[in-house]
């Protein structure tokens, strides 16, 4: 129980740092309900601290935050990840972390990522990557003590540490590649005496590739078998392309990455489709949670807008039946999306509550694909519809809505891997209809 | 490869100017806009990169004088039978390269249409303003200063609001109008325009169309103050800002037509604006097709070209199908405008033309927003890249769906017309 004491100590530190005796924003939680019983007291405590950080550090002074974004983004990130210590949240307690290194913490992690993202989705996605990268190392998924030790050193260091994922996606015409459920795997891992040699050209990280400290790259290994390589960003042979200008998540500058025979130790590779499915499952849960956080903040802004603006000279927006029907659609999308994400978290945390566990990682993987696709579509629709009410104010940077809109769209496209929702549909059809050739390069 | 020109439009609607004008505009777009447009977002405030391209098309190629009569040095387009269709091709071709440039250019025509198009012509004002646009090789912009802080889209909802909520006032003092008020968001504000068309009221709170006044104000008139441009999600080539009119004095004859006719002439602008909006969108969607074609023909899923996978083909096929249908509808909207002077046509301010054109704009806006978003998802992690251009269009075109009263006003206009609603 050492880690419990450790966490109690951390809470005291956290409350001291934040300087507020706090409670979470009950208004939002009462409106967009989730089963709070799925979170333990510890998770509720951490969430409370994150809520206070979000309110105090960003939401209450957003104009200043956005005006000095480049500087304050790092400053607020340091406060959250280093001072408060969330960088080590998903590390095991033996390594000095909070000990949230098992699936049972999925609901808590989803809530925390949402709350960070309510303040800024870019901060949320960076934390999401930190936690997703550790998922294949979770204690209930197989232990790789050497790699955990190596990563713990980086996560525990008093410096920001940013992993990113390189997932399979679109291939190139004329090149036959190994596949992960239809998606091309463009990185290769070749076994050598010292470990593995990683190669791949112009690979596209999910986000933040330009500054990433660690690349978790899905590779094809021996006999084209799928694996995940953990590639520290400072190794020889890593080439980062020019910064890419993107629609949103502008604080997470991306670049294409080339691995020119990069050598990693043996322990930095985790083999098997199940590990990749598990990585995707967590990526879907946490990227979905980022968009939920953005949606909750969008709701707050739209609520203020529709309660203070009039049309036709005197009628409040929200009291006009047509506008109200749009507000209902916005609420509907956010509320249902949030429930779905927490269902997914529960499925990950307590699979036995959701039927048998015979399908291993394939069931949570498939549901995570379905749910995240639906959540991204729902949140995007909510913001799109709400912007229609706000008119040009929704489009001006001043109101902040357009940033949420761009950030969520960037996340939605990123999580598609390629071809919109087609790969997720193929996964779903395969799971429910026992399709044999979909995603295997088979005939159509 | 199929060419984007092959998206359908009714051949019999095509104006005599189409081939020639399209060729000129497309050459300009391909050489002077498309190679540089990925840098436009960073140029939103200064327009150092953008402005030379405007000078070329508006001043040197002479598009800005096209509406004016021959005797003023113009092309007499405003008096032609194909005003709407020519405007459509212009807006579509420019929109393919950059919808914000298309907007800025088209909106320069907007206030001028109030005095240039039969049956509401004002020859004295045409003579007054023509040299400003026709005697220069530099781009000259104009703007309609319509939206007010408290009114949102009320000004575009003239059918119902009848100008009741307008707070910008015009008071006659001898031979001058004295204008006071505050306007928001006009395209080509933020220091860009040389001339404003300003909807005002001569009797605040009145719903009488006779009290609606459309008055021209030169941007350098004493008492006109413009704010700096707003920072927005996109549309970098289109500057918007606040404008304040404080005891601004203009000659009495700067009122477009006078009581009653000002409101009718101004109301013509709604269909013009909606048709231009559809053209911006179909132009942008044709470029979407070009870029999506390249991605779907060079990248693979399941080791097949994207376009050769049945499920992906269904997605991109739907996108192309929607573009085809939207283009037909857009040309239909333009033709409704150009039928205005024909025995079988109806005035552009008639209830059914306004409602049907708004309806088409609403439909095409929704398809555009949906298809650009979908196309970004087809590109997956590349969808948000500036390099693929689709995301820029996605950001830019969202405001087209929102402006001029947005979706809700289009829906209300359709309901009023088709269901004889009397109070909405």
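Chains as they are written, first to last, in the working numbering: chain X, 1 to 444; chain B, 445 to 868. Glycine residues also receive a C-beta, built at the ideal position from the N, C-alpha and C atoms. Computed from a predicted model, the values in this text were never measured in an experiment.
is_contact[residue 850 of chain B, chain X] using C-beta, thresh 7 Å:
yes
On the CB-based measure, 16 or more other CB atoms within 10 Å of its CB, does residue 175 of chain X come out buried or exposed?
Per the 10 Å Cβ criterion, exposed.
Let me check understanding here. Comparing Cα to Cα, which of X:411, X:348, X:158 and X:54 lies closest to residue 125 of chain X?
X:411
Since I believe residue 121 of chain X is in contact with residue 293 of chain X (beta carbons under 8 Å), could you give me their beta-carbon distance rounded to a whole number of angstroms?
7 Å
How about residue 370 of chain X: is its C-beta nearer than 7 Å to some C-beta of chain B?
no
I want to verify the contact list: residues of chain X whose CB lies under 7 Å from the CB of residue 869 of chain B, in sequence order.
As displayed, chain B neither begins before 445 nor continues past 868, which places residue 869 of chain B out of reach and without an answer.
If you pair each beta-carbon of the segment 668 to 687 of chain B with each one of the segment 839 to 850 of chain B, do three or more pairs fall below 8 Å?
yes
For residue 145 of chain X, does the three-state DSSP call read helix, strand or coil?
helix
Contacts that residue 384 of chain X makes with chain B (C-beta to C-beta distance below 7 Å)
813
Please classify residue 5 of chain X as buried or exposed, where buried requires at least 16 neighbouring CB atoms within 10 angstroms.
Residue placement at residue 5 of chain X is flagged as unreliable, the pLDDT there being 41, under the threshold of 50; a coordinate-derived value is accordingly withheld.
Who are residue 626 of chain B's beta bridge partners in DSSP?
B:688
Quick one: is residue 742 of chain B near chain X, going by C-beta distance under 7 Å?
yes
Those runs of the alpha helix (DSSP H) which lie wholly inside the segment 352 to 420 of chain X and span at least 4 residues
Restricted to the segment 352 to 420 of chain X, the alpha helix (DSSP H) segments that are unbroken, complete and at least 4 residues in length are 362 to 390, 392 to 395 and 401 to 416, listed in chain order.
I need the straight-line Cα distance from residue 757 of chain B to residue 750 of chain B, nearest angstrom please.
7 Å
Just tell me which of X:261, X:39 and X:177 has its CA closest to the CA of residue 223 of chain X.
For residue 223 of chain X, the nearest C-alpha among the options comes from X:177.
Residues of the segment 482 to 515 of chain B with Cβ closer than 7 Å to any Cβ of chain X, in chain order:
none
Between which two residues does the beta strand (DSSP E) harbouring residue 76 of chain X extend?
Taken as a continuous stretch (DSSP letters only), residue 76 of chain X belongs to no beta strand (DSSP E), being part of the alpha helix (DSSP H) at 69 to 78.
Mind checking residue 139 of chain X: buried by the 16 CB within 10 Å criterion, or exposed?
exposed
So residue 403 of chain B contacts chain X; which residues on that side make the cut at Cβ distance below 7 Å?
Coverage of chain B is limited to positions 445 through 868, which leaves residue 403 of chain B absent and any answer about it impossible.
Buried/exposed call for residue 865 of chain B, threshold 16 Cβ in 10 Å:
exposed
Entirely within the segment 229 to 288 of chain X and at least 3 residues each: give me those beta strand (DSSP E) ranges in chain order.
238 to 240, 257 to 265 and 269 to 271
Helix, strand or coil at residue 200 of chain X according to DSSP, with G and I counted as helix
In the structure shown, residue 200 of chain X falls within a strand segment according to DSSP collapsed to helix, strand and coil.
Exposed or buried, what is residue 464 of chain B when buried is set at 16 or more other beta-carbons lying within 10 Å of its beta-carbon?
With fewer than 16 Cβ atoms within 10 Å of its Cβ, residue 464 of chain B is classed as exposed.
Can a CB atom of chain B be found closer than 7 Å to the CB of residue 348 of chain X?
no
Measuring straight from C-alpha to C-alpha, what distance separates residue 400 of chain X and residue 790 of chain B?
43 Å
Taking only beta-carbon positions, decide if residue 23 of chain X is within less than 7 Å of chain B.
Confidence in residue 23 of chain X is poor, its pLDDT being 40 and thus under 50, which makes the residue's placement unreliable; the coordinate value appears in the next sentence. With 7 Å as the cut-off, residue 23 of chain X does not count as an interface residue toward chain B.
Just confirm the distance between the C-beta atoms of residue 631 of chain B and residue 684 of chain B, as a whole number of angstroms; I'd bet it's less than 8 Å.
6 Å
Beta-carbon proximity of residue 578 of chain B to residue 509 of chain B, cut-off 7 Å:
yes
Leaving out five residues before and five after residue 335 of chain X in sequence, what residues of the same chain have Cβ atoms less than 6 Å from its Cβ?
32
First and last residue of the beta strand (DSSP E) that includes residue 743 of chain B?
743 to 745
If you reduce the DSSP assignment to three classes, tell me which class residue 593 of chain B lands in.
Of the three classes helix, strand and coil, the one that applies to residue 593 of chain B here is coil, per DSSP.
So which residues of chain B does residue 322 of chain X contact, with C-beta pairs closer than 9 Å?
852, 855, 856 and 868
Closest Cα partner of residue 382 of chain X within the set X:360, X:338, X:416 and X:361
Of the listed residues, the one whose Cα sits closest to residue 382 of chain X is X:338.
Restricting to Cα atoms, I'd like to know which of B:573, B:545, B:543 and B:546 is closest to residue 557 of chain B.
B:573
Residue 22 of chain X, DSSP secondary structure in three states:
Residue confidence is low: residue 22 of chain X scores 38 on pLDDT, short of 50, so the model does not pin down where it sits. Its coordinate-derived value is still stated next. Residue state, collapsed to three classes: coil.
Identify whether residue 310 of chain X lies in helix, strand or coil by the three-state DSSP scheme.
strand
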